[in-house]
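Top to bottom, those sequences are chains A and B.
All the letters of the first sequence, read from the start, carry residue numbers 1 to 92 under the working numbering.
All the letters of the second sequence, read from the start, carry residue numbers 1 to 213 under the working numbering.
Every residue, glycine too, gets a C-beta built ideally from N, C-alpha and C.
Heads up, the thing below is written out as structure tokens.
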Amino acid sequence: MTRHANAGRVAVTLSYMDGEAALDVRDDGAGFAPTADGHGPNGGLGLRGMRERVEALGGRLAVESAPGRGTTIVVTVPVPRGGPGDPEGVPR
Amino acid sequence: MSRLRILLADDHPVVRDGLRGMLAGEPDFEVVGEAASGVEAVRLTERERPDVVLMDLQMPEMDGATATAEIAARFPETRVLVLTTYDADADILRAVEAGATGYLLKDTPRERLYPAIRAAARGETVLAPTVATRLVSRMRGPAEEALTGREVEVLELVARGSSNADIAATLFISEATVKTHLLHAFAKLGVDDRTAAVVVALERGIIALPRRR
């Protein structure tokens with residue numbers, strides 16, 4: 001990602017937010033117009049396959065980007081309360 | 001019987017005159033001074049060391065709650081009895097937190113005011129019935145759910161006027177995640193927009209006013 005996007009910084013942030021977990025991967029690279037032909041979220045970057053797998057888990061995949069503004073990919077999946085992924089651990 | 005020494009603090013001369021006239025009818029009361037501002041109330045308390053200060057809340061040059069806090073800290077033997085027209089929760093809480101011994105409203109009939117002053121002088125808490133009701137119902141209310149560190153961080157940036165895109169760039173996360181944090185903060189604060197969220201968070205002391213640069 002760093003190489004292709006010409007980014008100087010990449011950060012991966014995992015946030016637990018009341019029943020869901022979000023994985024944000026943000027870079028400060030070249031960015032792109034998500035609707036542009038061949039580089040949209042459904043083509044060219046291998047995102048179609050990722051989206052299908054995330055949606056199979058009941059989650060969402062989104063891409064936020066603009067030319068010159070870096071790119072952020074965010075994957076959100078539900079984490080049932082009290083389930084194995086709940087950071088608070090105990091059932092309520 | 002030694003007389004109760006009373007200081008009147010109210011910026012309206014008519015109110016002070018009325019109180020002075022009312023209290024003059026009670027042989028055990030002595031009005032030792034009148035203050036028209038919070039600053040004057042503190043100064044006269046220092047000089048006269050009254051038993052009770054009847055304190056208005058809305059006054060120029062230091063409001064009543066601030067003056068109450070100063071008197072409670074410096075002259076703990078002096079009791080402050082708030083006498084005001086305001087019965088908003090925030091006013092009541094501020095005054096009680098500042099150390100007021102009692103909180104009465106200006107529509108209190110004199111036959112209730114006199115015993116309240118005597119009780120305050122003994123250090124007993126005296127609250128107008130509506131004020132007591134509000135305090136108790138507030139305590140009975142659902143416990144406020146604490147905000148996460150990240151939610152507080154996001155709200156602090158909102159208070160500085162940052163857009164969601166600015167906040168996302170500052171925290172180096174997605175705008176979608178910023179929005180989710182904000183929605184959770186709104187739900188916990190019982191509000192539905194960012195302005196109200198900032199106001200409530202400031203009122204509850206969850207965030208502080210951004211420093212001017």
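Hey, residue i and residue j are a contact pair by Cβ (cut 8 Å); roughly how many whole angstroms apart?
i: Val-131/B; j: Asp-87/B; result: 6 Å
i: Ala-120/B; j: Arg-79/B; result: 5 Å
i: Ala-24/B; j: Ala-65/B; result: Rounded, the Cβ-Cβ distance is 28 Å, inconsistent with contact.
i: Ala-214/B; j: Tyr-103/B; result: The structure shown does not extend to residue 214/B, since chain B is modelled only from 1 through 213, so no value can be given for it.
i: Leu-182/B; j: Val-200/B; result: Not really, about 13 Å apart at Cβ, beyond 8 Å.
i: Val-178/B; j: Ile-167/B; result: 5 Å
i: Leu-23/A; j: Val-79/A; result: Rounded, the Cβ-Cβ distance is 12 Å, inconsistent with contact.
i: Ile-92/B; j: Arg-134/B; result: 6 Å
i: Glu-30/B; j: Leu-4/B; result: 7 Å
i: Ala-165/B; j: Glu-175/B; result: 6 Å
i: Val-54/A; j: Val-25/A; result: Between Val-25/A and Val-54/A the Cβ distance is about 13 Å, and since that is not below 8 Å, they are no contact.
i: Leu-147/B; j: Lys-106/B; result: Not a contact, Cβ separation roughly 37 Å.
i: Thr-238/B; j: Leu-57/B; result: Outside the modelled stretch of chain B, which goes from 1 to 213, sits residue 238/B, for which no answer is possible.
For residue i, which beta-bridge partners are listed by DSSP?
i: Pro-78/A; result: Glu-20/A
i: Val-80/B; result: Val-53/B
i: Leu-14/A; result: Leu-23/A
i: Glu-34/B; result: Leu-8/B
i: Thr-85/B; result: Paired residue(s): none; Thr-85/B is not in a bridge.
i: Thr-71/A; result: Asp-27/A, Ser-65/A
i: Phe-29/B; result: Leu-4/B
Run down chain A in chain order and give the residues with a C-beta less than 8 Å from the C-beta of residue i.
i: Ser-163/B; result: Under the 8 Å cutoff, chain A gives no residues; its nearest Cβ is about 13 Å from Ser-163/B.
i: Arg-150/B; result: Ser-15
List, in order along the chain, the chain A residues whose C-beta lies closer than 9 Å to that of residue i?
i: Ala-176/B; result: Ala-22, Asp-24, Arg-60, Ala-62, Glu-64, Thr-72, Val-74, Thr-76
Need the endpoints of the alpha helix (DSSP H) that residue i sits in, please.
i: Arg-48/A; result: 47-56
i: Glu-70/B; result: 64-74
i: Thr-195/B; result: 194-203
i: Asp-17/B; result: 13-24
i: Thr-170/B; result: 164-171
i: Ala-246/B; result: Shown here, chain B extends from 1 to 213; a query on residue 246/B therefore has no answer.
i: Ala-7/A; result: Where Ala-7/A is concerned, there is no enclosing alpha helix (DSSP H), given that its DSSP letter is neither H nor E.
i: Leu-147/B; result: Where Leu-147/B is concerned, there is no enclosing alpha helix (DSSP H), given that its DSSP letter is neither H nor E.
Name the chain B residues whose beta carbon is nearer than 7 Å to that of residue i?
i: Met-17/A; result: Thr-180, His-181, His-184
i: Ala-11/A; result: Phe-172
Would you mind reading off the limits of the beta strand (DSSP E) that contains residue i?
i: Leu-8/B; result: 4-9
i: Leu-189/B; result: Note, Leu-189/B: premise wrong, no beta strand (DSSP E); alpha helix (DSSP H) at 175-189.
i: Leu-61/A; result: 60-65
Kindly indicate if chain E contains any beta-carbon less than 7 Å away from that of residue i.
i: Met-139/B; result: Note that chain E does not occur in the displayed structure, where the protein chains are A and B.
Exercise. Which runs of the beta strand (DSSP E) spanning at least 3 residues fall entirely within the segment 101-142 of chain B, listed in chain order?
Worked result: 102-105
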